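K.L.:
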Amino acid sequence: MAHIGALPKINRYITAHNAEGKAIFSNKIDEESKMKANDDGIAFALSYTTKGFPVSMDKDEDINVYEGFLKDAPGLVVSGGTVLRHVDIPPDTECTMHRTVSLDYGCVLEGEVELLLDSGEKRIMKRGDVAIQRGTMHQWINHSKTEWTRMLFVLQPSKPLKIGSETFGEELAGMAGVRSSN
1452 MAHIGALPKI
1462 NRYITAHNAE
1472 GKAIFSNKID
1482 EESKMKANDD
1492 GIAFALSYTT
1502 KGFPVSMDKD
1512 EDINVYEGFL
1522 KDAPGLVVSG
1532 GTVLRHVDIP
1542 PDTECTMHRT
1552 VSLDYGCVLE
1562 GEVELLLDSG
1572 EKRIMKRGDV
1582 AIQRGTMHQW
1592 INHSKTEWTR
1602 MLFVLQPSKP
1612 LKIGSETFGE
1622 ELAGMAGVRS
1632 SN
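Here the sequence shown is numbered in the numbering used here, starting from 1452 and rising by one per residue.
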């Protein structure tokens, strides 16, 4: 599936400070957040990550952490940090039903997508809609035969979900190109 040119490139502008404390744009990392397609055609861009709370921005510590994750990509979630990720879903494509141990905000930037839960409940999300994923088993489905969907996700780790005596951990079910967050 062709992805180049299907949706506009993503520019990521990271701010910093000069020696006088004035805000500037950092030139430490290329401004383009590059999409990388997995075997199923779904493409990911790791647009920013952090590690630790609160985040330290002194001497570009947070940018250095992000640079490290660009060289060695994390799983879907960063333990003790946050992940900002763009995801492009090709026409007529669905991801694997999965669960992360995280609280996620997923916003549709372009197109439409169905959010299907393991209970069978579903919602059609359109541009500007946001889903707050709270450790649920879910699947993203682009039903369009011609249009791509672009989403923006912010993920932060959570404690494993407990319901009754059962604890629910990460379940990726062999998602293409995605490694465990553990």
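By construction, the Cβ of each residue, glycine as well, lies at the ideal position given by its N, Cα and C atoms.
Since the structure is predicted, the reported quantities are computational estimates derived from the model, not experimental observations.
Would you call the segment 1501-1513 and the segment 1557-1569 in contact, with 3 or more CB pairs under 8 Å?
P.N.:
They do not touch, by the three-pair rule.
K.L.:
Measure the C-alpha to C-alpha separation of residue 1482 and residue 1460 and round it to an integer number of angstroms.
P.N.:
The residue you call residue 1482 lines up with position 31 of the sequence shown. The residue you call residue 1460 lines up with position 9 of the sequence shown. Approximately 10 Å, taken between the alpha carbons.
K.L.:
Quick one: residues in its chain with C-beta nearer than 7 Å to the C-beta of residue 1622, no 5 flanking neighbours on either side, listed in chain order?
P.N.:
For the purposes of this step, residue 1622 is taken as the residue at position 171 of the sequence shown. Correct list, in chain order: 1549, 1550, 1588.
K.L.:
Is it right to say residue 1464 is buried, meaning 16 or more other beta carbons lie within 10 angstroms of its own, or is it exposed?
P.N.:
Working through the sequence shown from its first residue, we reach residue 1464 at position 13. The residue in question, residue 1464, is exposed, as its Cβ has fewer than 16 Cβ neighbours within 10 Å.
K.L.:
From residue 1584 to residue 1497, what distance separates their C-alpha atoms?
P.N.:
Taking the sequence shown and counting its residues from 1, the one referred to as residue 1584 is at position 133. Taking the sequence shown and counting its residues from 1, the one referred to as residue 1497 is at position 46. Rounded to the nearest angstrom, the two C-alpha atoms are 19 Å apart.
K.L.:
Under three-state DSSP, which class holds residue 1462?
P.N.:
In the sequence shown, residue 1462 corresponds to position 11, counting from 1. Three-state DSSP puts residue 1462 in a strand.
K.L.:
Closer than 6 Å by C-beta to residue 1533: which residues in its own chain qualify, once you throw out the five before and the five after it? Chain order, please.
P.N.:
Counting from one through the sequence shown, the residue named residue 1533 turns up at place 82. Around residue 1533: 1501, 1607.
K.L.:
So which of 1613, 1609, 1617, 1615 has the shortest CA-CA distance to residue 1529?
P.N.:
Mapped onto the sequence shown, residue 1529 falls at position 78. Considering only alpha carbons, the answer is 1609.
K.L.:
Could you give the DSSP three-state label for residue 1504: helix, strand or coil?
P.N.:
Reading the sequence shown from its first residue, position 53 is the one you call residue 1504. Here residue 1504 sits in coil by DSSP.
K.L.:
Answer with buried or exposed for residue 1452, where buried requires no fewer than 16 other C-beta atoms within 10 angstroms of its C-beta.
P.N.:
Within the sequence shown, the letter at position 1 stands for residue 1452. Because the pLDDT of residue 1452 is 44, which lies under 50, any placement of that residue in the model is unreliable, and the number read from its coordinates should be weighed accordingly. Under this definition residue 1452 is an exposed residue.
K.L.:
Could you tell me how far apart the beta carbons of residue 1619 and residue 1611 are, in whole angstroms, since I believe they sit closer than 8 Å?
P.N.:
Residue numbering aside, residue 1619 sits at position 168 when the sequence shown is read from its first letter. Residue numbering aside, residue 1611 sits at position 160 when the sequence shown is read from its first letter. Residue 1619 to residue 1611, Cβ: 6 Å. Contact.
K.L.:
Figure out for me which residue from 1521, 1457, 1489 has the closest Cα to the Cα of residue 1545.
P.N.:
Residue numbering aside, residue 1545 sits at position 94 when the sequence shown is read from its first letter. Of 1521, 1457, 1489, the residue nearest in Cα terms is 1489.
K.L.:
In chain order, which continuous runs of the beta strand (DSSP E) of length 3 or greater are located wholly inside the segment 1483-1569?
P.N.:
Listed in chain order, they are 1494-1500, 1534-1540, 1553-1561, 1563-1568.
K.L.:
What's the C-alpha gap between residue 1523 and residue 1531?
P.N.:
Locating residue 1523 in the sequence shown gives position 72, where the first residue counts as 1. Locating residue 1531 in the sequence shown gives position 80, where the first residue counts as 1. In a straight line, the C-alpha of residue 1523 is about 17 Å away from that of residue 1531.
K.L.:
Starting from residue 1600 and walking both ways along the beta strand (DSSP E), at which residues does that stretch end?
P.N.:
Taking the first residue of the sequence shown as 1, we reach residue 1600 at position 149. Where residue 1600 is concerned, the enclosing beta strand (DSSP E) stretches over 1600-1608.
K.L.:
Quick one: give me the first and last residue of the beta strand (DSSP E) that residue 1585 is part of.
P.N.:
The residue you call residue 1585 lines up with position 134 of the sequence shown. Element bounds for residue 1585: 1581-1585.
K.L.:
Taking only heavy atoms of the ligand ADP into account, decide whether any of them is closer than 7 Å to the Cβ of residue 1495.
P.N.:
Ligands in the displayed structure: none, and consequently the ligand ADP is not present.
K.L.:
So, residue 1592 versus residue 1539, is the Cβ gap smaller than 8 Å?
P.N.:
Position 141 of the sequence shown, counting from 1, holds the residue named residue 1592. Position 88 of the sequence shown, counting from 1, holds the residue named residue 1539. Result no, Cβ atoms of residue 1592 and residue 1539 do not sit closer than 8 Å.
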